[in-house]
Amino acid sequence: MLTLVTLMGIINAISCKGQHSISYTLSRNQTVVVEYTHDKDTDMFQVGRSTESPIDFVVTDTISGSQNNDETQITQSTISRFACRIVCDRSPPYTARIFAAGFDSSKNIFLGWYPIVVVRSIRAADL
């Protein structure tokens, strides 16, 4: 469902922990919120470095071989807490879609007004 909503509508949509949504800011005065419902035809997985419950697969940073010693510390992670979401079809051809954006602990995606780059090829999905 694609809807232009008011500020109160945005707050309600993104504050519901049981509801997945994407909010995309068009301008200072317009935001689009896409709400998702459970779908028996797809499975959704979230990947990131966070160990919070919305994350299905936890990914950790690694230290390059030349820096591998006891004194090496990772000061800033290169992996987002909520890095990406993968949605897979349950029936052939089992298409998988990967969405990368700013996720939060309520499983919502936040996209700013910066242009989205879409790459297409014969076997690729639109992102």
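When you line the sequence shown up against mature numbering (1 follows the signal peptide of the UniProt record, and there is no 0), it's residues -18 to -1, 1 to 109, in that order.
Note that CB positions come from ideal geometry on N, CA and C, so glycine has one too.
Can you give me the Cβ contacts of residue i inside the same chain, cut-off strictly under 6 Å, excluding the 5 residues immediately before and after it?
i, result
"A65", "V29, G30"
"F39", "V29"
"A82", "C66"
Cα-Cα, which of the options is closest to residue i?
i, options, result
"I80", "T24, V15, P74", "T24"
"K22", "C70, P75, A82", "C70"
"I68", "P36, D43, T44, T42", "P36"
"A78", "F27, T42, E17", "F27"
So residue i and residue j are supposed to be a Cβ contact under 8 Å. How far apart are they, rounded?
i, j, result
"L8", "V15", "Not confirmed; about 11 Å, so no contact."
Residue i bridges to which residues according to DSSP?
i, result
"T7", "T13"
"V69", "M26, R79"
"V41", "According to DSSP, which records beta bridges pairwise, V41 is partnered with nothing at all."
Got a sec? Which residues, its chain only, sit under 8 Å from residue i by beta carbon, not counting five neighbours each side?
i, result
"S73", "D23"
Spatial neighbours of residue i within its chain, please: C-beta separation below 7 Å, excluding the five flanking residues on both sides.
i, result
"T42", "R31"
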